[in-house]
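> Pasting a structure here, questions to come.
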Amino acid sequence: MEKIHTGQCGLCSHFGENHKSDVLVTIRTSHEADLKILDECGHPKHSGLHLKVTPISGCDGFVPVAAA
Ligand code: SF4
């Protein structure tokens, strides 16, 4: 498990935003993630491309998840 920081996909509201996932909820509450996890980015500029990212990926489209 690796620590996930603000600005990284694991704490971005677009990470896997089009489906519900207990794994993503756990990442958001613990700020830790298995780096083998891949999920789709739902950002409007990426979703049409079906971009897959890891919890430690990131981009300027980062939107922080609402505090749990
Ligand atoms: S690629 Fe950018 S917009 Fe998509 S989940 Fe990661 S930080 Fe968020």
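Everything in the sequence shown is counted per our numbering, starting at 346 for the first residue and increasing by one. Virtual Cβ for every residue (Gly too), placed ideally from N, Cα, C.
Do residue 400 and residue 355 have their C-beta atoms closer together than 8 Å?
For this step, residue 400 is matched to residue 55 along the sequence shown. For this step, residue 355 is matched to residue 10 along the sequence shown. Contact flag set, yes.
> Could you compute how far the alpha carbon of residue 358 sits from the alpha carbon of residue 389?
The residue you call residue 358 lines up with position 13 of the sequence shown. The residue you call residue 389 lines up with position 44 of the sequence shown. Straight-line Cα distance between these residues: approximately 12 Å.
> Helix, strand or coil for residue 413, going by three-state DSSP, please let me know.
Taking the sequence shown and counting its residues from 1, one reaches residue 413 at position 68. With a pLDDT of 47 at residue 413, under the threshold of 50, the predicted position of this residue should be treated as unreliable, though the coordinate-derived value follows. Secondary structure at residue 413: coil, using DSSP grouped into helix, strand and coil.
> Go ahead and pull the three-state DSSP assignment for residue 384.
Numbered from its first residue, the sequence shown carries residue 384 at position 39. DSSP, reduced to helix, strand and coil, places residue 384 within a strand of the structure shown.
> Give me the Cα-Cα distance between residue 374 and residue 362, rounded to the nearest whole angstrom.
Counting from one through the sequence shown, the residue named residue 374 turns up at place 29. Counting from one through the sequence shown, the residue named residue 362 turns up at place 17. When rounded, the distance between both Cα atoms is 16 Å.
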